[in-house]
Amino acid sequence: MMRRFQGPQEISFHDFTRRVTDYLMKSESAHNLLLGLIAQLDRNPSLAENAYWISIEDDTGAICGVALRTGGHQLVLSDFRDEQAVYELACELYQRHIDLPGVLGPVTLAKRFSDTWADLRACQSKRLIREQIYELTAASLHTIPPVLGEEIVQLTDQDDADWLVSWIVEFEREAMPEMVSTPEHARSVVQNRLQGSRREGGFFILRDGGVPRSVVGYAYPTPHGIRIGPVYTPPNWRNLGYARRLVAFSCQSLLTLGYTHIYLFADQANPAANRVYQQTGFQSVREVDQYQFTCGHSNASGEEG
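Here you go:
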């Protein structure tokens, strides 16, 4: 079967979005990350200038798979109609001199791409994390009554959020020490969410006695849902039910805004966190793996976004 690869050289981001949305929407929950990223780029065209998108099509024009990389982040893979197309995608990106720090996708597909890329680039490939994609609906949500002395608020751009910047860095240091943000980058994430639409991104905070104890972020809306994360409680305040109560409240608030699905990526190596999500009503969608590539030289060119 002959396949066509439609990247920035062949189609605009607008055309890419038009071509792939129906394919991705066949499984919105599994593709929530891709759909959320596409929506973000659509709202902020300047971000698309640093992105690389590609659709894989058969000789009839039907989509076989989708891949997207934003900024300097890893390549994100959709479902593929057959695994051979993943191998062909890796070869095509190598021939186009695209540089990749890693890949994230369904377990089998991510491994196939990672193995192929490591062979082509003669580089090291390391699996960083296996995550479970969860989704929650109003029907599955288990509400939890508040506790006396606690309050849950939504941060605004008028609030002092310096402490939240350090929390995000600590969250990343625990969850994925190989990819920790600088304080400056974490601050920009916080500021962008607080200064944007409160429906499309922000942070819920649980305070006990007026002191922040736990945080739930949310962003990247899809046509029917939105993803929460990070979910973080500092070590000294864990095992007190803060995270479970805040996650339940945050999900209820987002459902009230009109979203019908809430999505979440959770590290499978953290059973306590997964237990909190399951007790809240999150249900498993699928597993995804993230790989990091370490190469001895750059393969980048002006074609890369």
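Counting along the sequence shown from 1, when you hit position 112 you're at 112 in full-length UniProt numbering, and nothing is skipped either side. Here a beta-carbon is modelled for each residue, glycine too, at the ideal position from N, C-alpha and C. Model, not experiment: these values are computed from the prediction.
For residue i, does the count of other Cβ atoms within 10 angstroms reach 16, so buried, or fall short, so exposed?
i	result
Val107	exposed
Gly149	exposed
Pro212	buried
Ala273	buried
Arg43	exposed
Pro221	buried
Trp163	exposed
Asn236	exposed
Arg112	buried
Asn192	exposed
Thr294	exposed
Gly302	Note on Gly302: pLDDT 32, under 50, position unreliable in the model; the coordinate value appears next. Counting Cβ neighbours within 10 Å, Gly302 comes out exposed, since fewer than 16 surround it.
Glu151	exposed
Check residue i in the structure and name its three-state DSSP category.
i	result
Lys111	helix
Phe5	strand
residue 307	In the structure displayed, the chain extends from 1 to 305; residue 307 sits before or after that span and is not available.
Ala51	strand
Thr70	strand
Ser141	Correcting the residue type first, residue 141 is Leu in the shown sequence and not Ser. It is coil, neither helix nor strand.
Val103	strand
Asn270	coil
Ser301	For Ser301, the predicted structure reports a pLDDT of 33, less than 50, and the residue's modelled location is therefore unreliable. The matter cannot be settled from this model.
Ala175	helix
Tyr291	strand
Glu83	coil
Ile226	strand
Cys123	coil
Asp208	strand
Ala90	helix
Phe265	strand
Tyr218	strand
Answer yes or no: do residue i and residue j have a C-beta to C-beta separation smaller than 8 angstroms?
i	j	result
Leu89	Pro223	no
Arg244	Gln268	no
residue 315	Val169	An answer regarding residue 315 cannot be provided, because it is not within the stretch 1 to 305 covered by the chain.
Leu141	Trp117	no
Arg285	Ala30	Correcting the residue identity first, residue 285 is Val in this sequence and not Arg. Yes, Cβ-Cβ distance for Val285 and Ala30 is below 8 angstroms.
Leu155	Gly102	no
Thr143	Gln252	yes
Gly209	Gly217	no
Gly53	Phe16	In the sequence on display, residue 53 carries Trp and not Gly. Closer than 8 angstroms, so yes.
Val276	Val247	yes
Tyr94	Leu68	no
Taking 7 angstroms as the line, does the beta carbon of residue i fall inside it for any heavy atom of the ligand ZN?
i	result
Phe171	Within the structure as shown, the ligand ZN is missing, as the structure has no ligands at all.
Can you tell which of the options has its C-alpha closest to the C-alpha of residue i?
i	options	result
Asp160	Ala139, Ile205 and Asp15	Ile205
Glu172	Val231, Asp119 and Gly225	Val231
Arg4	Gly65, Lys26, Ser214 and Phe249	Gly65
Glu287	Gly281, Arg238 and Leu104	Leu104
Tyr291	Leu246, Val276 and Met176	Met176
Glu28	Pro45, Arg227, Tyr242 and Val147	Arg227
Ala138	Pro8, Val86 and Tyr263	Tyr263
Ala39	Phe13, Ile63 and Pro234	Phe13
Inset, instruction - Evaluate the contact criterion for the segment 115-132 versus the segment 263-277: three or more CB pairs, one atom per stretch, below 8 angstroms. - result: Note that the segment 115-132 touches the segment 263-277; at least 3 beta-carbon pairs, one per stretch, sit closer than 8 angstroms.
Legend entry - Meets three-Cβ-pair contact criterion under 8 angstroms: the segment 255-263 and the segment 61-78: No: the two stretches stay apart, fewer than three of their Cβ pairs being nearer than 8 angstroms.
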